[in-house]
Amino acid sequence: MAAYALRRIAWVVFTLFLVSVITFLIAFVVPVNPARVVAGPNAPQSVVNSIYHQLGLDRPLYDQYLSFVDRAVHGDFGRSYRTQEEVLPTILQRFPYTAELAVAGVIVELVIGVTTGIVVAVKRGFVEGISNLFVLIGLAIPQFWLGIILLFFLAYKIPLFPLGGTGGLKALILPALTFGITGAAFYTRMTRAGMLEVLNEDYIRTAKAKGLSQSAVILKHAFRNAMRVVVTMFGMDLGYALGGLLVIEEVFGWPGIGTLAWQAVQNQDIPMIMGTVLFASFLIVAANLVIDLLYPLLDPRVAYD
Amino acid sequence: MTRKRGEDEANPYTSGGRRRVSRRDFLKAGGASLAGAALLGAAGCGGGQGGSSGGGGSASRPIQVTTQQDIPHTDPALGYDTLSWPVIHATFVTLITYNKSGEGFVPWAATEVPKPENGGHKYVFNIHKGLKFTDGEPVNAQAFKYAIERVLDPKTKSPVADFYTNIVGGAAYRKNPKGDVKGIKVLSPYRIEFDLEKPDQTFLQTMAIPPASAVPQKAVEKAGPNFDTHPVGSGPFMVKQFSHGSKLILVKNKSYKNPSGSPETTEAKSNEIDITIGISPTTEIQRVESGQNDYAFDFPSAQYNQVKNNPKYKSYIKSAVSNTLWYLFYNTQQKPFTDPKVRLAFQYAIDKKRIAQVLAGLVVPTNQILPPHMPGYDPSIKGYPYDPEKARSLLKEAGYGNGFHIEFWDQNTSDEPKVDQVIQNNLSQIGIKMTLHSISFSEWISKIESGSAQAGVGAWSQDFPDPSDFLDVLFNSNQIPTNNQSHYSNKTVDKELAQALIETNHKKRLAMYQKIQRQILADNPIVPLYNQKAVYFVNPKLKGTDIHPVFYQIYQQWYLT
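Listed in order, the protein sequences are those of chains A and B.
Start counting the first sequence at 89; every next residue gets the next number (my numbering).
Start counting the second sequence at 153; every next residue gets the next number (my numbering).
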């Protein structure tokens with residue numbers, strides 16, 4: 089297990105290295121002079137040259153990358169070209185907003201998705217039809233559209249919630265629902281598939297034959313074993329969500345790292361682009377690592393040598 | 153100056169000393185929310201919480217403002233866009249400022265607006281005693297000297313340094329910022345002199361805009377780059393909190409006392425203004441209508457006409473044609489645009505009314521370079537009608553009966569492509585095949601800088617209300633290719649521009665610029681397309697929100713009834 093964990097951590101480091109190289113190269117392949125972006129298009133060439141030098145852009149690319157890595161491992165991701173703010177503290181300041189929304193959104197996903205998935209696997213007929221319809225809508229509806237609809241009806245027409253922005257539980261509900269409803273469809277499908285697979289197993293028949301109640305059979309025996317696939321998805325999903333709920337943050341004016349990354353891209357703000365991409369990548373691979381390491385706890389049949 | 157809530161901003165982006173409009177302000181923001189516009193339309197057709205709610209509340213509650221774009225800067229040396237400038241104008245103090253119409257000056261930290269001396273080479277300002285920064289430092293001659301030197305210092309990375317290089321020693325200081333700028337003399341703690349290399353009628357303009365605000369040296373040096381988010385000013389408001397992309401809160405600076413007593417330099421009329429950043433335009437409008445907000449910066453362009461024509465919203469909409477120009481340019485030093493007939497054909501080929509239509513009425517077609525509220529605007533200029541037949545015959549006369557092919561460069565933000573498509577369609581009707589390159593603002597700037605853009609759409613918004621800010625910037629041959637994207641070069645025009653810059657008789661000077669404009673238009677280096685409207689959605693209970701020609705929003709004038 090320890091050897092496996094070490095191998096996986098090494099992969100995490102390697103993945104982040106690859107992401108950093110690719111992002112760095114892409115940032116420099118774009119035909120834009122960052123010094124010009126800082127100085128403004130009409131600043132005299134002497135000012136642009138001076139800024140170019142101050143930013144270290146006149147050094148060889150590999151040299152720039154190495155010094156970036158050197159600073160990054162010490163927690164210094166530089167300062168934003170546009171706002172002059174330090175990159176890492178800015179990301180860390182924005183991260184709680186994204187984390188709050190991500191956790192709330194994933195909870196909504198799980199509650200709706202898993203419950204529906206179990207019900208659909210067990211029940212048939214009308215309920216299944218309704219569920220399929222829900223899954224189709226959930227899969228088809230874009231997040232930005234659902235967000236606008238919820239805002240219109242539940243914040244504008246019926247003013248139950250604030251019209252965007254942050255501040256307390258009330259402000260969190262609509263963005264979390266937007267994330268949850270669109271994402272729940274996937275959980276429904278995964279849970280249903282996992283449950284159907286398990287429900288035909290011999291030990292379920294045994295459990296039923298022993299006279300256990302249906303709820304005990306489903307929840308204690310079937311769902312526990314079907315959960316592995318859900319947990320796998322949960323890890324990926326949480327990592328993705330933590331990495332930045334870009335669309336939902338934009339729709340709801342939620343100042344998380346998704347909007348931060350989006351603004352950085354719009355502004356060709358290379359240090360902030362590097363910072364947000366690496367931070368998001370780290371969260372995604374870290375979430376997956378944790379889930380992988382948790383497998384043996386969920387399913388005793390899984391063991392890492 | 154660009155309406156560059158941007159950027160864009162820059163785009164957010166801001167641009168340099170003389171600058172280019174980086175984005176279509178309101179339009180872009182509106183376009184970004186097209187998906188939600190239908191909902192707004194539905195609201196406009198009868199839904200909603202009632203336009204009468206209007207925010208309610210007592211006058212003492214904070215004024216709530218929303219904007220989709222981030223506010224780029226609060227540091228006077230860095231701000232160069234129409235979201236930053238109102239904030240800086242509210243939190244810092246300049247020697248002089250603009251009057252209500254924007255066409256004249258009133259003293260602010262200075263005791264009076266100085267007259268030029270020594271044949272226009274010298275300006276001396278006397279400064280009011282008693283003005284202080286919020287950290288207790290005095291606002292004196294040294295603070296103003298430091299502010300200008302700081303803008304000139306390349307380490308500051310100020311995009312507006314170019315404004316101050318006509319001060320004796322300014323250009324040298326920008327290259328090598330050591331010692332003092334020779335032309336800025338502290339005559340006494342409250343008396344400062346500026347010596348200019350050559351007379352310049354725009355010097356006072358550059359003293360009235362936010363980059364010339366006094367800044368406290370100790371606080372700036374202590375904060376370093378963080379001064380931009382933790383500014384220490386001396387104006388009617390203080391920045392209480394600034395979180396980029398999220399929130400900016402202004403609170404009344406109780407220690408600020410109106411030094412001149414004029415209405416333009418008033419104390420803040422409200423205690424607090426909260427600016428929430430990152431809200432989509434559709435939601436912004438809904439927030440104002442439902443009373444959660446008082447002022448929305450952005451307007452969904454697709455629904456502008458519908459909302460404008462709804463009587464319910466009549467008292468909510470504030471609009472004014474801004475001093476901006478969008479234009480079609482082509483390289484006049486390259487074939488086929490070296491031929492005057494080809495350039496003239498373009499004037500007849502473009503359907504400006506159609507462009508205004510696709511931009512939902514948020515723009516006004518124009519036939520000249522100077523915008524309607526710019527001194528020197530000439531209402532007698534009629535321009536050319538849309539006449540593709542005439543355009544085709546001109547091309548035929550020029551030997552291009554079978555048309556030709558052009559490479560066209562424009563930005564890819566939401567509204568630019570709409571304009572480009574109209575132009576592409578118009579040109580195809582006269583046999584010109586246009587390959588459109590729709591690129592990001594940063595790439596666009598790089599392309600323009602290289603001087604290799606054959607044709608495209610350019611835009612300009614004023615830095616200050618002086619005709620030189622359009623005519624000199626866009627058509628002087630010394631601005632090729634950065635701002636003079638048409639590579640237009642006319643030695644007579646260059647000479648007359650230089651003369652107009654130093655002419656002291658205002659009336660005569662405007663007549664000179666009108667003559668220059670007519671000459672440029674006769675040479676057809678661009679096709680003027682339209683001026684943009686500044687449009688805001690405002691709670692009718694919020695007063696003092698008249699749109700200023702330079703600052704747009706003057707926060708210190710705002711109050712709730």
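For each residue, glycine too, the CB sits at the ideal point set by N, CA and C.
- With a threshold of 16 other beta carbon atoms within 10 Å, F214 (chain A) falls short and is exposed.
- By a beta-carbon distance limit of 8 Å, T358 (chain B) does not contact A366 (chain B). Their separation comes to about 15 Å.
- Between the C-alpha atoms of A293 (chain B) and G256 (chain B) there is a straight-line separation of about 23 Å.
- Bounds of the alpha helix (DSSP H) holding N578 (chain B) are E568 to S580.
- The Cβ neighbour count for E289 (chain A), taken over all protein chains shown within 10 Å, is under 16; the residue is labelled exposed.
- When B:H557, B:Y704 and B:R326 are compared, the shortest CA-CA separation from S138 (chain A) is found for B:R326.
- Closer than 8 Å to the CB of I336 (chain A) there is not a single CB belonging to chain B.
- The residues A686 and I699, in chain order, have a CB closer than 6 Å to that of A472 (chain B) in the same chain once the five nearest residues on each side in sequence are set aside.
- By the beta-carbon neighbour count (other beta carbons within 10 angstroms, threshold 16), R147 (chain A) is exposed.
- At least 8 Å separates the beta-carbon of A299 (chain B) from that of H280 (chain B).
- Residues V510 of the same chain have their beta carbon placed closer than 6 Å to that of K570 (chain B), with the five preceding and five following residues left out of the count.
- Contact check for P238 (chain B) and Q705 (chain B): beta-carbon distance about 4 Å, within the 8 Å limit, so the pair qualifies.
- The distance from the Cβ of I678 (chain B) to that of L480 (chain B) is about 6 Å, consistent with a contact at the 8 Å cut-off.
- Between the C-alpha atoms of G387 (chain B) and E424 (chain B) there is a straight-line separation of about 14 Å.
- Per DSSP, reduced to three states, the secondary structure at R212 (chain A) is coil, with no helix or strand assignment.
- Along the segment 149-168 of chain A, going in chain order, the ones with a CB nearer than 7 Å to a CB of chain B are R167.
- The straight-line gap separating the alpha-carbon atoms of G288 (chain B) and Q369 (chain B) is approximately 12 Å.
- Under the 8 Å criterion on CB atoms, H396 (chain B) is classed as interfacial with respect to chain A.
- Under the 10 Å beta carbon count, S398 (chain B) is surrounded by 16 or more other beta carbons and is classified as buried.
- Per DSSP, V333 (chain B) is not a residue of any alpha helix (DSSP H), being assigned neither H nor E.
- Rounded to the nearest whole angstrom, the C-alpha separation of M315 (chain A) and Y275 (chain A) is 11 Å.
- If you compare the alpha carbons of A:R277, A:L198, A:F249 and A:T203 with that of L227 (chain A), the shortest gap goes to A:R277.
- In the displayed model, F277 (chain B) falls within a strand according to three-state DSSP.
- Using a 10 angstroms sphere on the CB of P230 (chain A), the tally of other CB atoms stays under 16, which defines it as exposed.
- The beta carbon of A313 (chain B) falls within 8 Å of a beta carbon belonging to chain A, placing the residue at that interface.
- Between the alpha carbons of W561 (chain B) and I600 (chain B) lies a gap of roughly 9 Å.
- Taking C-beta separations shorter than 6 Å and ignoring five residues to either side along the sequence, the partners of L339 (chain B) in its chain run E345, following chain order.
- The Cβ-Cβ distance between L649 (chain B) and I632 (chain B) does not fall below 8 Å.
- Inter-segment contact for the segment 194-210 of chain A and the segment 364-372 of chain A is absent: fewer than three beta-carbon pairs are separated by less than 8 Å.
- Looking at the DSSP output, N683 (chain B) bridges to B:V516.
- At the C-beta level, A295 (chain B) and L304 (chain B) stay beyond 8 Å of one another.
- Between T417 (chain B) and V291 (chain B), the C-beta spacing is not below 8 Å.
- A472 (chain B) has B:A686 as its beta-bridge partners, per DSSP.
- An exposed status is given to I195 (chain A), since fewer than 16 other beta-carbon atoms sit within 10 Å of its beta-carbon.
- Under the 8 Å Cβ criterion, the segment 210-229 of chain B counts as touching the segment 432-450 of chain B, having at least three qualifying pairs.
- Not one beta carbon of chain A lies nearer than 8 Å to the beta carbon of I215 (chain B).
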